[in-house]
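Asker:
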Amino acid sequence: MSTNASEVEVLDLRVAPGDPPVGRFGRLVVLDDADSLVKHADTYLALVSGEMVSAVVCVAIGEADGDDRFGGAVLAIPHALRYATVLWVGDREGVRWVPDGSHPRPVEADEKAGDSLDDLIAALRVPHVFDRVVEMAEGHPGMSPAVRVAPIAPDPVELVDAGEAAVQALTAPEYGSAVNLGPRVRRLDSSNDHRGNVLAGRIHQTRDKAVRALNRVTELTAVLGTGPALLGRDRPTARLGEEVARAGQLAEEYRECLALLLDRVDGHLRVGTPPVAKVTELGVPTPRAARLGEIVPALREVVTERLARGTSLTTLAEEIRLAAATSEPQGCGTDLAEVRGRGPLSLGMPAFRRWPISRALLPVVAVCCALLTILLGPGSSGWVGGGLLAAGWFASGLLLLARRPGPAAEHGLATAWLPAVGTYGVAAVAGVAGGALAPDVVLSWVAVPELVGGLLAVGVSAVSAATVVLSWRAAVRAWSAGLRVADVRTAIEELTRRCEEAVGREWLPVRRHRAIAATAGSIAVAIEELSATLGATGGRVLAGEWPDPPDEVTPAVPELLRVVHADLADLCRAALAPAWQAAEGGRRLDRNVLAKHLVRRLGDYGDRVRRHGLLAAGTPGDRRRDALVARLWADSPLAAVALRTGPGTELVQLCRGDQVRYLSTAVSPGLLRFAPGRLRGVLERSHTDRALASDPGITWSDGGELVGALRLVPLRPESVHHMMGSR
Amino acid sequence: MAELVKIRGRNVFGRLREIELVEGGAYDAPGSRLRQRLVVVKNRSYVYKCVPRADGNREPALYDMLDNEVRAGTRLGQVYADRYPPELARLAAYNVDAEEPFVLFYAYAGDPATGLATRLEPEHRRLFEVGLLRAVRLTAEAGVIHGALTMDALRWDGRQVQLVNFESARQVGEPRRSGPVLPSHSPEQSSGSGTVDKRDDVWAACLIVRDVAMGASANGFRRDRSSDPEWLRALLDPVFDNEVAHRPEPADLLRGLRSDVPELAAGDPEAGLTPGQRQFDRISLRKRRTTANAGQEPANRGTNPRWGVAAMVVLVVIAAVVGLAVMFGWVNL
Chain P
877 MSTNASEVEV LDLRVAPGDP PVGRFGRLVV LDDADSLVKH ADTYLALVSG
927 EMVSAVVCVA IGEADGDDRF GGAVLAIPHA LRYATVLWVG DREGVRWVPD
977 GSHPRPVEAD EKAGDSLDDL IAALRVPHVF DRVVEMAEGH PGMSPAVRVA
1027 PIAPDPVELV DAGEAAVQAL TAPEYGSAVN LGPRVRRLDS SNDHRGNVLA
1077 GRIHQTRDKA VRALNRVTEL TAVLGTGPAL LGRDRPTARL GEEVARAGQL
1127 AEEYRECLAL LLDRVDGHLR VGTPPVAKVT ELGVPTPRAA RLGEIVPALR
1177 EVVTERLARG TSLTTLAEEI RLAAATSEPQ GCGTDLAEVR GRGPLSLGMP
1227 AFRRWPISRA LLPVVAVCCA LLTILLGPGS SGWVGGGLLA AGWFASGLLL
1277 LARRPGPAAE HGLATAWLPA VGTYGVAAVA GVAGGALAPD VVLSWVAVPE
1327 LVGGLLAVGV SAVSAATVVL SWRAAVRAWS AGLRVADVRT AIEELTRRCE
1377 EAVGREWLPV RRHRAIAATA GSIAVAIEEL SATLGATGGR VLAGEWPDPP
1427 DEVTPAVPEL LRVVHADLAD LCRAALAPAW QAAEGGRRLD RNVLAKHLVR
1477 RLGDYGDRVR RHGLLAAGTP GDRRRDALVA RLWADSPLAA VALRTGPGTE
1527 LVQLCRGDQV RYLSTAVSPG LLRFAPGRLR GVLERSHTDR ALASDPGITW
1577 SDGGELVGAL RLVPLRPESV HHMMGSR
Chain A
27 MAELVKIRGR NVFGRLREIE LVEGGAYDAP GSRLRQRLVV VKNRSYVYKC
77 VPRADGNREP ALYDMLDNEV RAGTRLGQVY ADRYPPELAR LAAYNVDAEE
127 PFVLFYAYAG DPATGLATRL EPEHRRLFEV GLLRAVRLTA EAGVIHGALT
177 MDALRWDGRQ VQLVNFESAR QVGEPRRSGP VLPSHSPEQS SGSGTVDKRD
227 DVWAACLIVR DVAMGASANG FRRDRSSDPE WLRALLDPVF DNEVAHRPEP
277 ADLLRGLRSD VPELAAGDPE AGLTPGQRQF DRISLRKRRT TANAGQEPAN
327 RGTNPRWGVA AMVVLVVIAA VVGLAVMFGW VNL
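Heads up: the sequence lines are chains P and A, in that order. Per our numbering, the very first residue in the first sequence carries number 877; after that it's consecutive. Per our numbering, the very first residue in the second sequence carries number 27; after that it's consecutive.
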């Protein structure tokens, strides 16, 4: 059997007294009959001189026989053990004794149940205790040990039960406790995802065209109420209808282009057709490559975190499987339906007012003309002035009628003549005629001073001009209000944003999503395999043998259950390593590979626990184990008694009452108190036992599950006889 | 060598014929409560499902199940005839009048799909979903509802789905029956109210689609669909959130999966019965003729009323003329 150099090996020469053992190394406890020490001198010589053996503690049991008892010595030690540590056990059960000259007392009946020799060996198997014993025995030919130990370890039966319960907890589904990992897993390695404007190429050009056309319509509308719109050669009224229709058409083309893009994206994501090239030709970038080197560790972190939280393997597999399904490319069916539902986009051409100068203003036209004729009259100056104003009214009305924008072009002079003559013309002529033929009474009444008359004439002309301008602008405003350029522009922006989001959300990371889904899927399968394996074999991992699992599992100590549960979860997490490697390499793992890994790890774990104890199997800072130690300390008053052992405390000395005389009272006995280092941390946090944590007389061991005290009383020099050679 | 057994069975058009079969061994396909085994007819394997007398006495409902198999199988066979789709188990023969009533199906394709949801590779999932919905569409368009659609009722050969076990099948338009409620049943099927709708199987099919898409048993852990993938919710919400009258049809779901929805090559289910109907018409006509010939003599002996009136008029005229002639002495009697 191989041993670790940091361990203490026990060699029992009583049952294997053959050839000197080879391949031993590190610390060695040798059990031997006291009367065989000299006989095994060659063996001791081989062990002590072994290069790899760091120290030997020989436990000599019984007394040397008559031939070896020179001069009343109770122990004959071969020369090979001159510099080794020799502990003499005169009797396996021992006596209760205090090395102060008092008389020894027999051990209590209940103390006989345990073999103190076993306690001694168990204590010596703790490396720190071994080293301290070697140190204390230096210079003494032989020492008589007294021992008191208390295990600070879980009950073996409870440990097996805890193993069963932990396996059950790890493999049973936990209804209602599953967490939706989908959103988190889908976002793995998404920090570099592109957001915002992702549309380019053909689709971007189509959008530009539509937006430019809308801008053109906006520009034309903005100048429609100005003079150049009516008089210039490049009049907006001439082509506004055409521009509006074109803008609507381009907006619809753009919407169709977006729908085509989303349809292709959705098709590729969902069923793999059309190919990537058919999508990118519309103007979206090629999907980015998946970075398995980033995805796999990130997913591993998620799995590790869930296992650390105590999630059962079955539940975790379910969670990861759901995450895989959620991480798959989802398509963009909703966005596609939205884009399709918004169509067709169009920009309607609202009707321009039939009469830019309202017919309700015809009396105003007539009155203005009449007033001017009267104010400038009588005589030719009156009707000439009135006639000019009438001509102005008519020309303005004709111009505005002709410049009205229509669905294709402006209405034009040809269609405006007749309505203009029939309305503005007739009203203006009637006004002039009325003014010229006004009765003298009226003329005398309106005979105003020349200056006032002139000012009134200018005012009438200004009112006429203002009426024309305001009428046109009001007509333009009313028309513009009916033109839904802003709505179409908003629709384009919304559809663009929706499309960009869909492309950014689904298309660009499609390879990443597929890689995540594949990885998560394979890990879910792997976890299920581990769960099945653990369920089939893991329940027996902490049993000494491999019995059939019990029908009913007794409730385990909660702290113990947590430790075993965490240990098994750690084993499963470690057994997943090949699955992560396969995922990172894009490979599929053969079935049962993980099962074999897990079975091997479970076997090693079981061996380790049985050999060194459950507490030794953990790592420093393991809070669960600390909690377990605290619980065990609280449940074990003997441990506290052992740790509080003083030099004058009565202990079980491993000799008979009549053998006490071989022990020296001239030299002070050495006292060694020891406890697992993990207990020290627990005691530091304790209110009642904090002083023990800082007691310099206690040796804190790295491992071990024993708390105890060891007192070494030197043998009298005459009680030991050194032999120079073997017999 | 296995013993040759002769049985008599009808094909889907009801024609009785003799079948020679050899036992092919035990057959244990999930989802069927009928006793089943493999048989070989002319070197071809068939699934033989029957109700032995002892089983029938113990559980009479088995006869109903066998009857459902026959009704569904014959209907599908008549509708799809020569273009029978591989997505549906095909009835070869049946006999419900025999000592041991039986149905004989062509050997099923592939393996049972039980538990397949967690094992399907991602690249096969869509194939499975589409195959399942095609099978449901085919049955629905033929007017047949499977009634117990679960993974146990499906077979999968790696490329194609096949729907089997029509023991709970109903025909569209029949009143729904209240019976054992399955987890796959829609609310209407569970309550047993109303009449069978062609979309009755859609609910169960969509549960399977969900299981397959999620790669897990979605009905256990995941009754809540809020965390389902977006595309899946878009596909299934109209099914699970609506009453049967407003649920999408299988063809709509296939389009939702971006699958082709070809025109069905369904024939007229009555076409296969045409020869029999013609024969019936011929027999009926012959009977009518026979009856007509037998009744001809009494008809000739009868008096046509119109001729009677005419004869009466003629007699009156003759009597009047004779009377006038006598009165005026034109005729000297």
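Backbone N, C-alpha and C define an ideal beta-carbon position, used for all residues, glycine too. Just so you know, these numbers come straight off a predicted model, no measurement behind them.
1. Verify whether the separation of the beta carbon atoms of P:Ile1403 and P:Tyr1130 is less than 8 Å.
2. Which value, in whole angstroms, describes the spacing of the CA atoms of A:Arg79 and P:Ile1196?
3. Roughly how many angstroms lie between the CA atoms of A:Phe266 and A:Val207, to the nearest whole one?
4. Does the beta carbon of A:Ala277 sit closer than 8 Å to a beta carbon anywhere in chain P?
5. Ends of the beta strand (DSSP E) at P:Ser1203?
6. Any C-beta of chain P sitting closer than 8 Å to the C-beta of A:Pro255?
7. Look at the Cβ atom of P:Arg1164, then the Cβ atom of P:Arg1387, and state whether they are nearer than 8 Å.
8. Contact check, P:Leu951 vs P:Tyr920 under 8 Å by CB: the rounded distance?
9. To which residues of the same chain is A:Gly184 closer than 8 Å at the C-beta, ignoring the five residues directly before and after it?
10. According to the neighbour-count rule (16 or more other Cβ atoms, all chains shown, within 10 Å of its Cβ), is P:Lys1472 buried or exposed?
11. Taking contact to mean at least 3 C-beta pairs separated by less than 8 Å, is the segment 1571-1580 of chain P in contact with the segment 998-1007 of chain P?
12. I need the DSSP call for P:Ser1084, collapsed to helix, strand or coil.
13. Kindly say whether A:Gly241, judged by its beta-carbon, lies nearer than 8 Å to any beta-carbon of chain P.
14. Three or more beta-carbon pairs under 8 Å between the segment 1592-1599 of chain P and the segment 91-103 of chain A, yes or no?
15. Are A:Lys75 and A:Leu64 closer than 8 Å when you measure CB to CB?
16. Could you check whether the Cβ of P:Glu846 sits closer than 8 Å to any Cβ belonging to chain A?
17. Got a sec, what are the start and stop residues for the beta strand (DSSP E) P:Asp1502 sits in?
18. Can you give the Cα-Cα distance for P:His1144 and P:Leu1116, rounded to whole angstroms?
19. Do we get a CB-CB distance below 8 Å when we pair A:Pro148 with the residues of chain P?
20. Strictly below 7 Å CB to CB, what residues from chain A border P:Ala1200?
21. Go through its chain and collect everything with a Cβ distance to P:Val1429's Cβ below 8 Å, but skip five positions before and after it.
22. Could you work out which residue in A:Thr316, A:Phe306, A:Arg312 and A:Ile33 is closest to A:Glu125 when comparing CA atoms only?
23. Which residues in chain A have a C-beta closer than 9 Å to the C-beta of P:Thr1575? List them in chain order.
24. Closest to A:Glu275 by C-alpha separation, out of A:Pro127, A:Trp229, A:Tyr132 and A:Glu49, would be which residue?
25. Would you mind reading off the limits of the beta strand (DSSP E) that contains A:Arg61?
26. Measure from the C-beta of A:Arg185 to each C-beta in chain P and report whether the shortest distance is under 8 Å.
27. On the CB-based measure, 16 or more other CB atoms within 10 Å of its CB, does P:Glu1194 come out buried or exposed?
28. Below 8 Å on the Cβ atoms is my guess for P:Cys1208 versus P:Ala1378; work out the distance and round it to an integer in Å.
29. Kindly give me the distance between the Cβ atoms of P:Gly1533 and P:Ala999, rounded to whole angstroms, as I take these residues to be in contact under 8 Å.
30. For A:Tyr134, count neighbouring Cβ atoms within 10 angstroms of its own Cβ and tell me buried if that reaches 16, exposed if not.
31. With 8 Å set as the bound, which would you pick, yes or no: does the beta-carbon of P:Asn1468 sit closer than that to a beta-carbon of chain A?
32. Buried or exposed: which applies to P:Leu1384, given that a residue is buried once 16 or more other Cβ atoms fall within 10 Å of its Cβ?
33. Which one of P:Ser1203, P:Ile997, P:Arg1182 and P:Val971 has the shortest CA to CA distance from P:Pro1059?
34. Within 10 angstroms of its Cβ, does P:Tyr1538 collect 16 or more other Cβ (buried), or is it exposed?
35. Is the Cβ of P:Gln1206 closer than 8 Å to any Cβ of chain A?
36. Does any residue of chain P bring its CB to less than 8 Å from the CB of A:Phe247?
Answerer: Straight from the coordinates:
1. Taking 8 Å as the Cβ cut-off, P:Ile1403 and P:Tyr1130 do not qualify as a contacting pair.
2. 51 Å
3. 17 Å
4. The beta-carbon of A:Ala277 is placed no less than 8 Å from the nearest beta-carbon of chain P.
5. Where P:Ser1203 is concerned, there is no enclosing beta strand (DSSP E), although the alpha helix (DSSP H) it sits in stretches over Leu1189 to Ser1203.
6. yes
7. yes
8. About 14 Å separates the CB atoms of P:Leu951 and P:Tyr920; that is not less than 8 Å, and the two are not in contact.
9. Gly136 and His150
10. Around the beta carbon of P:Lys1472, fewer than 16 other beta carbons lie within 10 angstroms, which makes this residue exposed.
11. yes
12. Strictly speaking, residue 1084 of chain P in this sequence is Asp, with Ser absent from that position. Residue state, collapsed to three classes: helix.
13. Chain P, which has a Cβ nearer than 8 Å to the Cβ of A:Gly241, makes this yes.
14. no
15. no
16. With chain P represented from 877 up to 1603, any question about residue 846 of chain P goes unanswered, as that position is not in the structure.
17. That residue, P:Asp1502, is in no beta strand (DSSP E); its alpha helix (DSSP H) goes Arg1499 to Asp1511.
18. 42 Å
19. yes
20. Gly241
21. Low local confidence applies: a pLDDT of 47 at P:Val1429 is under 50, so the model's placement there is unreliable, with the coordinate-based value given in what follows. Cβ within range, chain order: Asp1037, Glu1040, Ala1041 and Gln1044.
22. A:Ile33
23. None at all; the shortest Cβ gap to chain A is about 52 Å.
24. A:Trp229
25. Arg61 to Val67 is the span of the beta strand (DSSP E), which, as asked, contains A:Arg61.
26. Output row for A:Arg185: interface = no.
27. buried
28. 4 Å
29. 23 Å between Cβ atoms; not a contact.
30. buried
31. Not an interface residue.
32. buried
33. Among P:Ser1203, P:Ile997, P:Arg1182 and P:Val971, the Cα nearest to that of P:Pro1059 is on P:Ser1203.
34. buried
35. yes
36. No answer about A:Phe247 holds up, because its pLDDT of 42 lies below 50 and its placement is not dependable.
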